[in-house]
Every structure is written in C-alpha cells, then in structure tokens.
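A.B. asks:
In the numbering used here, the protein residues as written are 1 to 879.
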C-alpha cells in the first residue's frame with residue numbers, strides 16, 4: 001500500500017511523446033498547483049471540460065479527514081464513464097463513510113495524454129486535482145474488453161509500473177471490478193486484486209481491511225492475503241496458470257482453501273439514498289439522463305447472454321423506492337429524462353403501474369421516461385401509450401436471430417408473431433422508426449437463418465400498413481461466446497466468415513425503408529480473443545500499448561492490424577482463442593465461480609442443440625442453476641403492485657398567447673471557460689429546472705425549454721457580460737430572488753448578476769470589448785513587446801485586412817479590418833484591448849483568430865492566451 005509519493009514507472013514507447021521514466025519530473029505538484037499547470041494546456045485539447053471536475057453533486061471531502069483514499073477510474077473517455085452507474089454507486093457509498101474518501105478519474109483522450117507527457121504532468125483526480133499516486137487505492141472498472149490498453153495509459157501517466165509484481169509497498173494498490181472481472185485473466189497481471197460480483201458491500205470491507213493495515217503498518221503481501229479472506233475478492237498473484245505444449249491446462253492456487261473464488265451477490269439492492277444526488281456531467285455523455293436501476297439480474301435464460309448468468313438472481317426494487325429515486329434524482333439533477341435500467345426492464349413485475357405513476361408525476365414537467373432494455377412481448381399498448389406522453393424516446397427490439405428455429409436454440413422465448421405484433425402496436429402509436437438488433441454466428445446458424453434477418457425486417461416494416469414514411473434500422477454484430485454461458489464451448493466465427501455474412505446482408509437488404517448498421521467484424525474478433533483469453537495476453541496488451549494502441553472502443557482509433565502485428569511479436573495466434581472448446585477442457589476462468597454450476601451450463605448447451613426451452617425461474621419454478629440457497633439468496637420480485645394515483649399538475653397548462661421574456665445576465669470565469677457551448681446550454685436548462693422557475697417549453701414531439709443564448713463564447717475565454725433570454729409562464733416577483741435561486745444552482749464560476757424584462761429577440765450587431773493578457777502566453781517574458789506594437793500599428797494603418805479560411809474544404813476570404821473598432825497595447829502591463837463588431841447573421845472574427853492573424857502568433861499560441869470579454873452592447877451596423 002502506498003506510503004509515500006513516488007514517480008517510478010516502466011518506460012513507455014507509445015506514439016505520443018515522452019515516457020513515464022522521465023515525464024513526471026513535476027509529480028511533486030498537487031492540488032491547485034498541479035491544476036494551475038494543467039489549465040495552461042487545456043486550451044490545446046478537445047473538450048477540455050472533461051478534465052476540470054466540478055460536476056454538480058461531486059464530493060470533495062477534506063483530504064486529511066479521511067483515513068483511506070480511493071480514486072475510482074473508468075478506463076475510457078469521460079463521456080462513457082459518466083454514464084456508468086456502478087462507479088457512481090461505489091463513489092457515494094465510500095464518501096458517505098467518514099473513514100473513506102473517493103474521487104474519480106477517466107482515461108484521457110490522445111491529445112490530452114500527449115500534452116501531459118510533453119508538460120511532464122501526471123494524471124490526476126477530478127475532485128482535488130491530486131496525482132493518482134497520492135491515493136491508497138486505484139479502483140478500475142472493467143466494463144468491456146476493448147478498454148484494456150487504456151488501463152495501461154492510466155497507470156503509466158500515474159507513474160506506476162504496469163505489473164503488480166513490480167509494485168512495492170510505496171505504490172497504491174490497483175484493484176479492478178466489473179463485468180469483465182469474471183474472466184480478468186488477460187489483465188490479471190496488472191492488478192493486485194479483482195472484485196467478482198456486486199461491489200456495494202465489498203468496497204467497504206476492502207476499505208476496512210486497508211484501514212487496519214495502515215494502523216498496523218503491515219506490508220503489501222499481508223494485505224493481499226487478508227483481502228483473499230473477503231468473499232468475492234480474487235488475488236491473481238495467489239494463482240499461477242499452467243501450460244503444456246502451449247495449451248492452457250489449468251490454474252494452480254498457492255493458498256489452501258482458495259482454489260476457487262466465488263462471486264459476491266448482494267441479497268437486495270442498495271437503499272435509494274445512495275443515488276439520491278446523482279453526478280451531473282459537464283460534457284454531454286453518451287447517456288445524458290437520470291438512470292434508475294429498477295432490477296438487477298435476469299433469469300430469462302438466453303443462452304448467449306453472459307449478463308443473464310453472472311448477475312443472477314433477479315432482485316427487483318420496490319415501486320416506492322423507484323418513485324423516491326425519481327423524485328429525489330430529478331430534483332437534485334435537473335435531468336429531463338429518466339431511464340428505467342435493468343437487463344430486461346419489460347420483465348419488471350409492476351412496470352405498467354410504475355410507468356404510469358412516473359408519467360403522472362413528471363409529464364407536466366416535460367421529463368420523459370425511457371426503457372433501454374425492453375423485450376418483445378413486454379411492450380404492451382398500455383406501456384407504449386405511457387412512453388410517448390412527453391417525448392418519443394428510442395424504440396429498440398432484439399430478436400437476436402432471424403428464424404424461430406434459431407431463437408429456440410438460444411432460448412429467446414419469443415416468436416416471429418410476437419415481434420410483428422409489437423411492431424404493429426408501435427407503428428399504430430405513431431412511431432416511424434424501429435431498431436432491430438441481431439447476431440450472426442450463433443450455434444447451428446445456417447445461410448437461411450442469415451437471410452431470414454432481411455425477411456423478418458421486411459415483414460416488420462409491412463406492419464405499418466402503408467402509413468407514412470417508416471424505417472427499420474437493422475443492427476448486426478458477430479456473436480462472441482462469453483465465459484460462464486452455455487455457449488462458452490462454442491467457437492466464434494473467423495474474420496472472413498463474419499465478413500462474408502455481413503456482406504450478404506448488405507447485398508440483400510433493400511435500401512428504401514431500411515438501414516443496415518454493423519459492428520465491425522475486426523472489433524468482434526478482438527473482443528472474442530480477450531473475453532476467452534488467458535494470462536498470456538497481458539504481454540500482447542503491453543506490446544500493443546507500447547506500439548501506440550489506444551482507445552480501441554472508438555472506431556477512429558481501432559486498427560486490428562496493430563494487434564495482429566503485436567501478436568506476431570509475442571508469438572500469439574489470435575484465432576486459437578476463437579476455437580471451440582471440448583466439454584472436459586480446462587478453461588482460463590474455471591477458478592472463478594460465478595455461482596451458476598458448470599453442470600447447469602452444460603445441460604443448457606445440450607438443450608440448445610435439442611431446441612428445448614428452459615423457462616424463467618422467477619415464475620416457473622427453480623431451474624437448478626446452483627446459485628440460490630433460498631435462505632439469504634433467492635429471486636426477489638414485487639408481489640403487490642400499487643394502483644397509480646392521479647397527481648395534480650405541478651405547473652399550470654401553458655398559455656401560448658401569454659409569455660414573459662427575461663434576460664439573465666451572468667459572468668463566466670475560471671474553469672467554466674472550458675465549457676463548450678452545448679454543455680453550457682444543458683447546464684442552464686438544468687439550473688432553471690432545479691431552481692423551480694416557470695419556464696415555457698416548445699411544442700412538438702420533443703419539447704425543449706424556450707431559451708435563447710447570446711453569441712457562443714469560444715472555449716477558453718472568460719466573460720463578465722454573458723446573457724440568455726428565457727420565456728416564463730408568468731411575471732417574476734423580486735429579481736433578487738431569481739438571482740439568488742439561480743446562483744444556488746450554478747457552479748461558483750458562473751454568477752448571475754441581473755435579471756431584466758425584455759421585448760422580442762435580439763437582432764442587432766454587437767460591439768464587444770475584450771482584454772487580452774499577453775502575460776498568459778507561455779514564454780511571454782521573452783517575446784518582444786515592441787514587435788507586437790509594430791504589428792498592431794501596421795494593422796490599424798491598413799484599409800483592408802484579408803484573411804483566409806477553409807470551411808468544408810472550401811476556401812473563403814474575409815476582410816476583418818472593418819470589424820475591428822479598436823486595438824491598443826497597454827504599456828504598463830502589456831495587455832491588449834480589442835473592440836470588435838460581431839455582425840448579426842454574417843461572418844465575423846473572434847479575438848483568438850484576430851490575435852493569431854495580427855500578432856503573428858501560431859494557432860496554438862493564440863489559443864493559450866487568457867482573454868476576458870468585458871463589455872458588450874448593441875449597435876447599428878455601419879453603412
């Protein structure tokens with residue numbers, strides 16, 4: 001366990017500059033001092049808001065008041081990690097305990113990684129801006145296989161050796177957990193411990209183990225042996241894989257009684273209070289909504305589905321808890337959508353009742369409800385009618401296979417007629433787009449099964465009865481046989497076979513009314529290698545990372561040939577991991593017990609070949625999977641569904657003829673200068689909602705707040721004079737109360753200072769004044785002020801000043817001289833004052849671009865200037 005700050009690491013040989021051996025010369029920086037250095041490089045990266053922290057409901061406890069410090073890390077970009085509810089649950093559990101502290105970190109994008117290395121700065125936690133090496137524990141989520149190289153990026157930027165065996169007591173412990181934890185062998189060498197299963201109880205027990213170890217001063221090996229006593233904790237160093245003739249033959253345990261590690265299962269879901277104050281992102285995530293876990297686990301028994309096996313049994317949350325989570329979550333976040341999350345939301349026992357209750361409560365506040373994981377047969381007309389009361393959210397169905405025969409093999413439990421009936425109901429309710437999800441390469445699949453995907457899509461579209469323009473989106477991915485499923489013994493399609501089946505679908509699916517999307521077959525191949533892999537793959541991951549592989553979950557970065565080249569260097573045959581396995585063959589994950597018996601999985605494999613149906617144990621009796629003891633662990637479903645009650649509208653019905661427009665004037669300083677314009681829009685919408693102001697909404701299928709904004713402020717610029725206009729349903733009382741209400745909801749870097757009634761929308765040109773601090777430019781002390789004065793005077797002497805721009809590969813020119821009313825150099829502090837005309841509806845120039853063109857700065861130099869907008873007023877355009 002870490003006892004002192006160090007800067008040791010293995011050297012990296014990535015495509016970005018620098019390596020861990022010499023990068024962290026500034027690793028002694030911490031907190032505000034470190035972030036001050038980071039702020040200087042943020043103007044040079046995309047979406048700098050990812051790296052500044054300060055999200056609503058984030059917790060920044062005093063460092064010295066906690067005894068054990070965790071940094072929870074999601075090994076992918078901020079937009080993905082902020083949508084992950086598991087990390088948020090553990091974050092709040094730890095921070096509610098006065099003994100512990102939890103902060104967050106996400107994998108950096110390539111541009112930020114490069115800037116950190118160039119500047120010699122370590123990766124840091126968002127809340128305190130402390131280097132990751134300051135923490136006692138780095139806790140990684142393991143959500144999917146294609147994030148594995150990102151783990152190494154984080155470790156390297158933190159100054160840690162990759163392999164656990166190379167990290168002594170001076171380093172933080174590195175712990176993992178998540179869905180990939182049930183076969184973590186490809187990355188096991190990088191971790192000190194890995195949590196199997198539900199983490200809500202284990203995280204506290206791990207914290208208590210570390211607290212005792214700190215107090216007693218024991219070494220790392222003692223800590224790991226103590227952790228091994230915690231149910232659900234896997235210590236990779238206590239196991240050694242065996243190989244014979246290059247083939248895996250089993251795991252050897254070095255600790256008696258520790259031959260198998262069983263998954264930890266939470267008997268019931270955590271209390272609603274854990275997620276009553278959800279983290280609200282700064283940069284828009286992939287799922288920008290309030291997530292409410294209404295149930296955990298699924299026992300439908302789809303034989304391809306790993307989640308259905310490793311998250312058993314079903315544990316439903318009560319209707320009362322769901323409504324409490326929604327009430328508190330919306331009030332404390334301002335989200336305009338809540339998602340009912342579960343592996344199969346449609347199977348929740350009281351779905352119609354809870355959905356009606358939620359819509360009765362939130363429809364008049366324009367909060368919609370989405371259900372990302374609905375199952376054919378559970379989307380009843382009653383449910384569909386509730387979904388569309390506010391705005392129509394996505395409609396996705398997963399037939400998985402094109403024929404009833406193949407759906408019987410996989411135990412899907414739905415027929416073609418079930419699917420077509422659901423499509424009829426959806427089209428009849430007004431939906432024009434339905435998304436289908438299929439897999440290719442399932443066991444026993446034939447060419448007829450593949451072609452049937454297209455036929456089924458055609459039949460589904462015909463259910464619209466010729467009404468309007470309707471479309472079916474067909475998404476297809478190659479099947480990956482996952483560990484701990486009945487299909488774990490089946491082989492995966494090789495690359496050429498997967499491509500051939502995808503090409504066949506591309507050829508025969510009609511263009512009109514259909515759209516085919518597919519998961520890249522190259523990506524599926526690598527997913528299969530890592531999901532079925534063993535510990536030898538750690539060498540492959542490290543080799544690929546050193547060659548520059550990063551962010552494989554993003555198509556713009558993924559290149560299979562990079563992995564193939566790394567595999568050649570390591571002497572690894574990737575296709576060998578995709579082969580079928582015999583039923584008596586040792587598997588790399590056999591020492592990890594998900595709770596479902598191997599005998600059950602084997603029986604289900606045999607039943608698949610017989611096309612025998614296995615019913616859901618939640619309502620058809622126990623299927624003997626081996627998990628439940630029926631004392632502390634058993635399926636928990638809601639037995640009685642309360643009748644929804646009508647809730648009075650929380651706001652009066654909109655009178656479209658009566659609205660009151662106000663301008664809200666505010667400043668944006670400090671870290672808020674790194675918010676993107678679209679991020680600011682969401683921040684304002686949510687602040688207005690939380691403040692309880694009577695905002696009017698637009699009409700239509702997707703109503704939005706009637707708010708208009710002043711000209712977008714460039715990322716990196718501060719301003720004292722921003723504003724937006726908003727339509728209220730009634731006049732406000734005391735403006736001071738509105739100012740106070742909004743300032744309670746905005747971050748401290750955004751302050752409202754005036755609220756004024758206005759008439760109509762702004763149409764005039766704007767005259768804006770900017771103050772440019774030349775001292776903020778790196779190396780400013782060596783730059784010749786005289787040369788800046790000379791260039792400014794040359795510009796002022798010109799009658800025209802033409803600049804070139806390239807937009808969408810087209811060259812355009814603009815004379816910016818008439819747009820500059822003033823540009824002057826302050827002799828005392830060497831600041832520059834600029835007054836610009838911003839034409840309404842016509843091309844203009846901003847201060848960053850002006851400084852680049854007039855002062856002769858490089859683009860990156862200009863972006864690093866600290867610029868403040870100090871005044872703005874409407875002006876009549878010059879003739």
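The C-beta atom is built at its ideal place from N, Cα and C for all residues, glycine as well.
Give me the residue from 602, 726, 749, 730 with the minimum Cα distance to residue 663.
C.D. replies: Residue 663 sits at position 663 when you count from the first residue of the chain shown. Of the listed residues, the one whose Cα sits closest to residue 663 is 726.
A.B. asks: For residue 419, which of helix, strand or coil comes out of DSSP?
C.D. replies: Reading the chain shown from its first residue, position 419 is the one you call residue 419. Of the three classes helix, strand and coil, the one that applies to residue 419 here is helix, per DSSP.
A.B. asks: Whose C-beta lies closer than 8 Å to the C-beta of residue 84 among residues of the same chain, with five residues either side of it excluded?
C.D. replies: Position 84 of the chain shown, counted from the start, is the residue given in the question as residue 84. Taken in chain order, the residues that qualify are 74, 141, 143.
A.B. asks: Quick check on the DSSP output: what are the complete alpha helix (DSSP H) runs of length 4 or more inside the segment 504-572, in order along the chain?
C.D. replies: The qualifying runs are 521-531, 537-546, 560-570.
A.B. asks: Given a threshold of 16 other Cβ atoms within 10 Å of its Cβ, counted over all protein chains shown, does residue 185 qualify as buried or as exposed?
C.D. replies: The residue given as residue 185 occupies position 185 in the chain shown. Per the 10 Å Cβ criterion, buried.
A.B. asks: Report the residue from 729, 560, 264, 515 whose alpha carbon sits nearest the alpha carbon of residue 633.
C.D. replies: Along the chain shown, one-based indexing puts residue 633 at 633. Comparing Cα-Cα distances from residue 633 to each of 729, 560, 264, 515, the minimum goes to 264.
A.B. asks: At the level of alpha carbons, what is the spacing between residue 723 and residue 815?
C.D. replies: Locating residue 723 in the chain shown gives position 723, counting from the first residue. Locating residue 815 in the chain shown gives position 815, counting from the first residue. Using only the alpha carbons, I get a separation of about 28 Å.
A.B. asks: Under 8 Å by Cβ, that's how I've got residue 168 and residue 214 pegged, so tell me the actual separation to the nearest angstrom.
C.D. replies: The residue you call residue 168 lines up with position 168 of the chain shown. The residue you call residue 214 lines up with position 214 of the chain shown. In fact, because the Cβ distance is near 16 Å, the residues do not count as touching under 8 Å.
A.B. asks: Going by beta carbon distance, what residues of the same chain come within less than 6 Å of residue 108, once the five residues before and after it are set aside?
C.D. replies: The residue given as residue 108 occupies position 108 in the chain shown. Excluding sequence neighbours, residue 108 sits near nothing in its chain.
A.B. asks: Bridge partners of residue 881, per DSSP?
C.D. replies: Shown here, the chain extends from 1 to 879; a query on residue 881 therefore has no answer.
A.B. asks: Nearest-angstrom Cα distance between residue 616 and residue 299?
C.D. replies: What you label residue 616 is simply residue 616 of the chain shown in a count that begins at 1. What you label residue 299 is simply residue 299 of the chain shown in a count that begins at 1. Cα-Cα distance, rounded: 5 Å.
A.B. asks: By DSSP, does residue 756 sit in helix, in strand, or in coil?
C.D. replies: Residue numbering aside, residue 756 sits at position 756 when the chain shown is read from its first letter. Strand at residue 756.
A.B. asks: Touch check for the segment 568-576 and the segment 233-242: three-plus C-beta pairs under 8 Å?
C.D. replies: The answer is no - the segment 233-242 does not touch the segment 568-576, with fewer than three Cβ pairs under 8 Å.
A.B. asks: Using the C-alpha atoms, what's the distance from residue 522 back to residue 497?
C.D. replies: By one-based count along the chain shown, residue 497 stands at place 497. By one-based count along the chain shown, residue 522 stands at place 522. Cα to Cα, residue 497 sits roughly 11 Å from residue 522.
A.B. asks: On the DSSP letters alone, give me the boundaries of the beta strand (DSSP E) that residue 630 sits inside.
C.D. replies: Locating residue 630 in the chain shown gives position 630, where the first residue counts as 1. Counting along the chain, residue 630 falls outside any beta strand (DSSP E), and DSSP gives it neither H nor E.
A.B. asks: Restricting to Cα atoms, I'd like to know which of 277, 262, 449 is closest to residue 438.
C.D. replies: For the purposes of this step, residue 438 is taken as the residue at position 438 of the chain shown. For residue 438, the nearest C-alpha among the options comes from 449.
A.B. asks: Only counting runs of 4 or more residues, tell me where the alpha helix (DSSP H) segments fall wholly within the segment 716-796, in order along the chain.
C.D. replies: Correct list: 735-745.
A.B. asks: When we look at the beta-carbon of residue 889 and count the other beta-carbons within 10 Å, is it buried (16 or more) or exposed?
C.D. replies: Because the chain here runs from 1 to 879, residue 889 falls outside it and cannot be looked at.
A.B. asks: So residue 410 and residue 400 are in contact, right, with Cβ under 8 Å, and what is the actual spacing, rounded?
C.D. replies: Walking along the chain shown from the start, residue 410 turns up at place 410. Walking along the chain shown from the start, residue 400 turns up at place 400. Correct: roughly 6 Å between the Cβ atoms.
A.B. asks: Can you tell which of 310, 130, 823 has the C-alpha that lies nearest to the C-alpha of residue 53?
C.D. replies: Residue numbering aside, residue 53 sits at position 53 when the chain shown is read from its first letter. It is 130.
A.B. asks: Return the chain-ordered list of same chain residues with a C-beta closer than 6 Å to the C-beta of residue 770, the five sequence neighbours on each side being excluded.
C.D. replies: Taking the first residue of the chain shown as position 1, residue 770 is located at position 770. Closer than 6 Å at the Cβ level, and outside the excluded window around residue 770, lie 834, 847, 867, 869.
A.B. asks: Given residue 674, which residues of its chain have a CB within under 7 Å of its CB, disregarding the five upstream and five downstream residues?
C.D. replies: Position 674 of the chain shown, counted from the first residue, corresponds to residue 674. These residues qualify, in order along the chain: 42, 48, 49, 52, 715, 716.
A.B. asks: Should the segment 321-337 be regarded as contacting the segment 680-693, the criterion being three or more beta carbon pairs within less than 8 Å?
C.D. replies: Short answer: they touch.
A.B. asks: On the DSSP bridge list, what partners appear for residue 439?
C.D. replies: Stepping through the chain shown from its first residue, residue 439 is reached at position 439. 477, per the DSSP bridge assignment.
A.B. asks: Going by DSSP in three states, residue 220 sits in which element: helix, strand or coil?
C.D. replies: Here residue 220 corresponds to residue number 220 of the chain shown, with the count starting at 1. Residue 220: helix per DSSP, three-state reduction.
A.B. asks: If you reduce the DSSP assignment to three classes, tell me which class residue 674 lands in.
C.D. replies: The residue you call residue 674 lines up with position 674 of the chain shown. Helix, per DSSP.
A.B. asks: Decide if the segment 269-283 is in contact with the segment 85-104; the criterion is three or more beta carbon pairs, one per stretch, under 8 Å apart.
C.D. replies: Judged by Cβ distances under 8 Å, the segment 269-283 makes contact with the segment 85-104, as three or more pairs qualify.
A.B. asks: Out of 455, 788, 838, which one is the CA nearest neighbour of residue 763?
C.D. replies: In the chain shown, counting from the first residue as 1, residue 763 sits at position 763. Out of 455, 788, 838, 838 has the C-alpha closest to the C-alpha of residue 763.
A.B. asks: Is the distance from the Cβ of residue 894 to the Cβ of residue 518 below 8 Å?
C.D. replies: Nothing can be reported for residue 894, as the shown portion of the chain is limited to 1 through 879.
A.B. asks: Would you be able to state if there are at least three C-beta pairs under 8 Å between the segment 508-518 and the segment 445-464?
C.D. replies: With the cut-off at 8 Å, the segment 445-464 and the segment 508-518 touch.
A.B. asks: Find out if the Cβ-Cβ distance for the pair residue 313, residue 301 is shorter than 8 Å.
C.D. replies: If you number the chain shown from 1, residue 313 lands on position 313. If you number the chain shown from 1, residue 301 lands on position 301. Cβ distance not < 8 Å, so residue 313 and residue 301 don't count as in contact.
A.B. asks: Going residue by residue through the segment 170-230, where are the continuous beta strand (DSSP E) segments of at least 3 residues, counting only ones entirely within it?
C.D. replies: Listed in chain order, they are 173-177, 193-195.
A.B. asks: Tell me which residues share the same chain as residue 873 and place their Cβ nearer than 6 Å to its Cβ, disregarding the 5 neighbours each side in the sequence.
C.D. replies: In the chain shown, the residue the question calls residue 873 occupies position 873. Here the set comprises 767.
A.B. asks: Extract the residue ranges of the beta strand (DSSP E) inside the segment 21-96, only unbroken runs of 3 or more that lie entirely within it.
C.D. replies: With a minimum length of 3 residues, the continuous beta strand (DSSP E) runs that stay inside the segment 21-96 are 68-74.
A.B. asks: By the three-class DSSP mapping on this structure, what secondary structure does residue 820 have?
C.D. replies: Translated into the one-based positions of the chain shown, residue 820 becomes position 820. It is a strand residue.
A.B. asks: Considering only the beta carbon of each residue, do residue 668 and residue 719 sit closer than 8 Å?
C.D. replies: What you label residue 668 is simply residue 668 of the chain shown in a count that begins at 1. What you label residue 719 is simply residue 719 of the chain shown in a count that begins at 1. Their beta carbons are under 8 Å apart, which means residue 668 touches residue 719 by this criterion.
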